[in-house]
Amino acid sequence: MRNKWAMRSIPVTVLFVVYLYILTKIILFKFGHVDLMFLLRQANWAIHDMSRLHYRLDMANLTPFRTIAENLRSHSVYEYIQLYGNIGLFIPFGIFVPYLTRGTKLDTWTYGLVFILSFALCLLLECTQLVCSIGMFDVDDLILNTAGGMVGCVLFHLIVRVTSPGKTAAAAR
């Protein structure tokens, strides 16, 4: 049983790495060329010019639900894409984590793990945007991305239940 899961997990792990690459490309590089040296140069510049970092922090949205409320009020297609895109981007993350950690039981540990990892990954990406001056830090992105991870976790557990009724979730794999 363990070897069967290991054989399935290798391609899923590869897909997870590809997903993380695409996520980084979308959030940090806005679909452009992925250039890690650019990030290092930007971070180095920010560290040597702290006033620049303070300016970026002053422009950041640190008020929860402000951007979300503005997006909902605007009725703009772009704003709706921003809003729901932030959720959608992290749904796969919420599916990959329980699969790769074999957390197929509906338990608080699995949901807690997805919550913490979704929040931590998003916080890392938001802070990278702030420090490297390649986007705006927005606390609402933390809320929406983490919610997306949780939606993915719920979807994963629903899929496990639907595809293997009567079996234990662990035996479904």
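Numbering (the working numbering), first residue to last: 189 to 361. Think of the CB as a built atom: it goes at the ideal place given N, C-alpha and C, for glycine as much as any other residue.
If residue i sits next to residue j, beta carbons under 8 Å apart, how far is it from one beta carbon to the other, in whole angstroms?
i: F307; j: T334; result: 5 Å
i: G207; j: F284; result: Residue identity differs from the one stated: residue 207 is Tyr in this sequence, not Gly. Indeed, because the Cβ distance is near 7 Å, the residues count as touching under 8 Å.
i: G282; j: V327; result: Actually they are not in contact, since the Cβ atoms of G282 and V327 sit about 20 Å apart, beyond 8 Å.
i: L277; j: I214; result: 7 Å
Is it buried or exposed for residue i, if we count other Cβ within 10 angstroms and need 16 for buried?
i: L203; result: exposed
i: F219; result: exposed
i: P280; result: buried
i: T298; result: buried
i: G337; result: buried
i: G291; result: buried
How about residue i and residue j: are their beta carbons less than 7 Å apart?
i: I275; j: L332; result: yes
i: Y287; j: V205; result: no
i: A231; j: R240; result: no
i: D329; j: E314; result: yes
i: L318; j: R196; result: no
i: L227; j: C310; result: no
Beta-carbon within less than 7 Å of residue i's beta-carbon, same chain only, minus the 5 sequence neighbours each way: which residues are those?
i: L211; result: L277
i: V350; result: none
i: I322; result: L216 and Q230
i: A359; result: With a pLDDT of 49 at A359, under the threshold of 50, the modelled position of that residue is not reliable, and the figure given next carries that caveat. Closer than 7 Å at the Cβ level, and outside the excluded window around A359, lies no residue.
i: Q270; result: N259
i: E267; result: N259
What residues in its chain sit with their C-beta under 6 Å from that of residue i, if we drop five residues either side in the sequence?
i: V222; result: K213
Quick check: is any heavy atom of the ligand SAH less than 6 Å from the C-beta of residue i?
i: H242; result: Because no ligand of any kind appears in the structure shown, any question about the ligand SAH cannot be addressed here.
Spatial neighbours of residue i within its chain, please: C-beta separation below 8 Å, excluding the five flanking residues on both sides.
i: I198; result: none
**OP:** Flag this pair as touching only if the region 245 to 257 and the region 294 to 311 have three or more C-beta atom pairs under 8 Å; answer yes or no.
**Re:** no
Original post:
Would the region 337 to 357 and the region 253 to 273 be scored as touching if the rule is three or more Cβ pairs under 8 Å?
Top reply: no
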